[in-house]
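Novice: Residue 653, in the numbering used here, is where the sequence shown stops; the numbers in between run on with no holes. Glycine included, each C-beta is placed from N, C-alpha and C at the ideal position. Every value quoted in this text rests on a predicted model; they were computed, and no experiment measured them. Take this structure, written in structure tokens, and hold onto it; I'll ask about it next.
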Amino acid sequence: MELETRRMNSVDAPISPIRILVVDDRPENFLVMEAVFSGTDYELVQALSGPEALEKVRGGDFAVILMDAQMPKMDGFETARRIRNDIKNHKIPIIFITAIDREQHYVHRAYEVGAIDFIFKPLDAYVLQSKVALLVELYRKDRQLKQSELRGRHDFLENALDASVAINEKQQVVFWNQQAEKIFGYTKAEALGQIMANLIVPRPLREAHQQGMAHFLKTGQGPILGRRIEVTALRKNGSEFPIELTISALASEDGWLFYSFIRDITNRRKKENLIRESERRFRLMADMAPVMIWVTGRDQHCTWCNQCWLDFTGRTLEQEKGTGWADGVHPEDLERCLEIYGKAFEERRDFTLEYRLRRHDGQYRWLLARGTPLYDENDEFSGYVGSCVDLHDQKEAQETLRRTHDELEHLVQERTIALTSANHELESFSYSVSHDLRTPLRAIAGFSQALEEDYGKVLDQEALHYLRRIRSGTERMANLIDDLLGLSRISRTPMSRQELDLSAMVKEVTEELRAEQPGRAVTFVIQPDVRAFADAGLCLVILENLLHNAWKYTSKHAEARIEFGFFEQDGEKIYFVRDDGAGFAMEYANRLFGAFQRLHTEEEFSGSGIGLATVRRVVHRHGGRIWAEAALEQGATFYWTLEPKEKLDAAAE
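Here it is as structure tokens:
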């Protein structure tokens, strides 16, 4: 014990260079080793095969050999056996580093051919560095003063990030670094020379520890050697905590030394517990969710699905795990489903697909599946989580809607053809009516005028009055025919919407009205820059009819006022024409916009009763509405709206 402690505390002289042979048939793995040992004074030598390794061992001096287990031609086990059979080099320590399956017989085979350790990938750089450092120090001990080499190892391990503890065959502590002091609470002075199990091994685990030590000393085999294991340790204050432990056994001239590299994983355990609790809550909420939820691993195999999925399929979780879920996919959808699913996995991206899945009653139902990649705390891909929604009824409804749409489309085409034909017939009828009515009207007007001109001197005043009334009636009839034809054409006139200056159009109409009756005292108030997106010709029909009406129904007032403008209400632009003329009673307002509906007699105000019906038709063609407010002898206001350009653009998109 005292000899070993003195050896730990002695001073050494460094040897340079320290050569390490890396035997691996993959050159990229040599680069990894160079990265692991960067910053050290080691010289790494590469051997790409077993024969090359044997040749370099025979020609050089190496402190450590890092051996790959699987290589072509000659594997690592055979290479190690031949090195051990070489008297000159049989003491070179060999560490196997491999990614093969972690079966115990590989470890046993490595130890059988003389390896001192067996490390599985992925590598823990700190553990590998520490182990190699220990072997290098042993190498130096064989070449120089043994006490100096152990002191070098002591200095290295003293500053290691993990706790490092060494015991001898008697289980006495011979090394205790600063991290061990922090983790366990014992100072180095308190720990050295003590039985390690009494310090840091919880009482329930001590018997197993003793049995393991006895087994190794008897057989040279230790199942936990070279492996990272998680166990419970004991602090000085009596509290227990979780650790990650790696143990290496090194033979010395004074017997076996057992080095432990210890990491406190309390925080990691807390984090793992939080993750497990989060997963438990997730699964609880997922089981209560009304949608089907699933989770997969990196290998695309299902690892879990919620109760909603199991209720849908009528199968157990074990049946759905792995690739079992695919058993229920419709045969016609399976290849497409797996192709989309697999490609998304390769590209690590979200995906959406529709496929049919067999329900518990045997019916195949359409599902909408969505998946998104999962990443762990190290931002490494860990699988997918996704959901499925039953949209079978929706797809059937869409199919029904599509069929209905096709039927309506066909019906609309038929009705359009019929309407087009009817419009052609109506145009022919209108032309015929216009021609057939105008001919006798012209005859009546002509003969009545001839009678007045030829026999006016012999007719009395009453007869002349009758002739004038006949001519006036024919003129009104002709105007009525023109208005009716105009009303019928309003619905068929093609529309060409553009930006219009309604204020300018109103000004032109009012100037025409003043020119017809220059003697009237009428004040026009025209709001400037009133604009609309509409058909110019049809908008002129609106303005002419409403302004002519205002002009007409204010004619019995010595002075009159007619206004035009707009205002906005609830985001809608409302135009208006207002006068202070005869007005009308609001109880008759519902008759205003019907053809031939008049609220004043012909003797009061002339007219055909078609104008406002024409205005309403124009407004409706522009997607708007029209209404009026009035009172007898207090004037009337006509309001209308037009569908705005923004709404038309949105509908077009």
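Does the count of Cβ pairs from the stretch 43-52 and the stretch 15-34 closer than 8 Å reach three?
Specialist: Yes, since at least three Cβ pairs between the stretch 43-52 and the stretch 15-34 fall closer than 8 Å, the two stretches touch.
Novice: So is Pro494 buried or exposed if we call it buried at 16+ other beta carbons inside 10 Å?
Specialist: Classification of Pro494: exposed, given that the 10 Å Cβ count is below 16.
Novice: Could you tell me which residues DSSP puts in a beta bridge with Asp535?
Specialist: Beta-bridge pairing links Asp535 to Arg497.
Novice: What is the DSSP secondary structure of Asn306, reduced to helix, strand or coil?
Specialist: Coil.
Novice: Provide the residue span of the beta strand (DSSP E) that contains Lys321, from first to last.
Specialist: Here Lys321 belongs to no beta strand (DSSP E), and DSSP marks it neither H nor E.
Novice: Using the C-alpha atoms, what's the distance from Glu409 back to Trp309?
Specialist: Using only the alpha carbons, I get a separation of about 40 Å.
Novice: Quick check on Ser148: does DSSP put it in helix, strand or coil?
Specialist: Low per-residue confidence applies at Ser148: pLDDT is 49, beneath 50, and the placement is therefore not dependable, though the value from the model is reported in the following sentence. Three-state DSSP puts Ser148 in a helix.
Novice: Please confirm whether Val615 and Asn545 have their CB atoms less than 7 Å apart.
Specialist: Cβ atoms of Val615 and Asn545: closer than 7 Å.
Novice: Can you tell which of Cys305, Glu633 and Pro202 has its C-alpha closest to the C-alpha of Leu284?
Specialist: The residue with the shortest Cα to Cα distance from Leu284 is Cys305.
Novice: Tell me the DSSP secondary structure of Ser49 in three-state form.
Specialist: Looking at Ser49 - three-state DSSP - the assignment turns out to be coil, as it is neither helix nor strand.
Novice: Suppose only complete runs of 4+ residues qualify. What are the alpha helix (DSSP H) ranges in the stretch 254-293, listed by chain order?
Specialist: Runs found: 266-288.
Novice: Please tell me whether Arg469 and Ser448 are closer than 7 Å, where the distance is taken between their beta carbons.
Specialist: For Arg469 and Ser448, no; Cβs fall outside 7 Å.
Novice: What distance in whole Å lies between the Cβ atoms of Phe96 and Ala69, which are believed to be in contact at a cut-off of 8 Å?
Specialist: Between Phe96 and Ala69 the Cβ distance is about 5 Å, and since that is below 8 Å, they are a contact.
Novice: So, Arg370 versus Gly383, is the Cβ gap smaller than 7 Å?
Specialist: In this structure, Gly383 does not lie closer than 7 Å to Arg370 by Cβ.
Novice: Please name the residue, chosen from Lys573, Ala631, Pro518 and Glu318, that lies closest to Glu646 on a Cα-to-Cα basis.
Specialist: Measuring from the Cα of Glu646, the nearest candidate turns out to be Lys573.
Novice: Kindly examine the ligand MG and report whether one of its heavy atoms sits closer than 6 Å to the Cβ of Asp327.
Specialist: Among the ligands in the structure shown, none appear at all, so the ligand MG cannot be discussed.
Novice: Mind checking which residues open and close the beta strand (DSSP E) that includes Asn168?
Specialist: Unbroken beta strand (DSSP E) run through Asn168: Ala163 to Asn168.
Novice: Pick out whichever of Glu587, Trp325, Ala289 and Leu459 has its Cα sitting closest to the Cα of Thr303.
Specialist: It is Trp325.
Novice: Grab me the residues of Pro14's own chain with a C-beta within less than 6 Å of its C-beta, minus the 5 sequence neighbours each way, in chain order.
Specialist: Low confidence applies to Pro14: its pLDDT is 41, below 50, so where it sits in the model is not reliable, and the reading given next is rough at best. So no residue of the chain qualifies.
Novice: Could you check the C-alpha separation between Asn198 and Ser260 for me, to the nearest Å?
Specialist: Their Cα atoms are separated by approximately 16 Å.
Novice: Would Phe596 be called buried (16 or more neighbouring beta carbons within 10 Å of its own) or exposed?
Specialist: Its pLDDT being 49, under 50, Phe596 is placed unreliably by the model, and the measurement read from it follows with that caveat. Exposed: under 16 other Cβ atoms inside 10 Å.
Novice: If I follow the unbroken beta strand (DSSP E) through Ile657, where does it start and stop?
Specialist: It is not possible to answer for residue 657, since the shown part of the chain is limited to 1 through 653.
Novice: In three-state terms, what does DSSP make of Gln569?
Specialist: The answer is strand: DSSP assigns Gln569 an E or B state.
Novice: For the beta strand (DSSP E) that Phe175 lies in, which residues bound it at each end?
Specialist: That run of the beta strand (DSSP E) goes Val173 to Trp176.
Novice: If we ignore side chains and look at the alpha-carbon of each, how far apart do Thr641 and Val577 end up?
Specialist: Roughly 12 Å separates the two Cα atoms.
Novice: Compute the beta-carbon to beta-carbon distance between Arg19 and Gly60, rounded to the nearest angstrom, for a pair I have assumed lies under 8 Å.
Specialist: That belief holds up - the Cβ atoms of Arg19 and Gly60 are roughly 6 Å apart, short of 8 Å.
Novice: Can you tell me whether DSSP reads Tyr375 as helix, strand or coil?
Specialist: Three-state DSSP puts Tyr375 in a strand.
Novice: Considering only the alpha carbon of each residue, which of Val522, Phe30, Ala233 and Leu411 lies closest to Ala163?
Specialist: That would be Ala233, whose Cα lies nearest to the Cα of Ala163.
Novice: Which of the three DSSP states is assigned to Thr523 in this structure?
Specialist: Residue state, collapsed to three classes: strand.
Novice: Helix, strand or coil: which one does DSSP assign to Gly212?
Specialist: Reduced to three states, the DSSP call for Gly212 is helix.
Novice: Glu114 and Arg82 look like a contact to me (Cβ under 8 Å); what is the Cβ gap, rounded to whole Å?
Specialist: According to the sequence displayed, residue 114 carries Gly and not Glu. In fact, because the Cβ distance is near 10 Å, the residues do not count as touching under 8 Å.
Novice: Which same chain residues end up closer than 7 Å to Arg365 when comparing Cβ atoms and leaving out the 5 residues on each side of it in sequence?
Specialist: Cβ within range, chain order: Arg356, Leu357, Arg359, Asp390 and His392.
Novice: Distance check for Ala443 and Glu462, CA to CA, integer angstroms please.
Specialist: Going by the C-alpha atoms only, they are around 22 Å apart.
Novice: Does DSSP put Ile20 in a helix, in a strand, or in coil?
Specialist: Looking at Ile20 - three-state DSSP - the assignment turns out to be strand.
Novice: Output needed for Glu568: all residues of its chain with C-beta closer than 8 Å, excluding positions within five of it in sequence on either side, in chain order.
Specialist: Only Ile574 meet the Cβ criterion.
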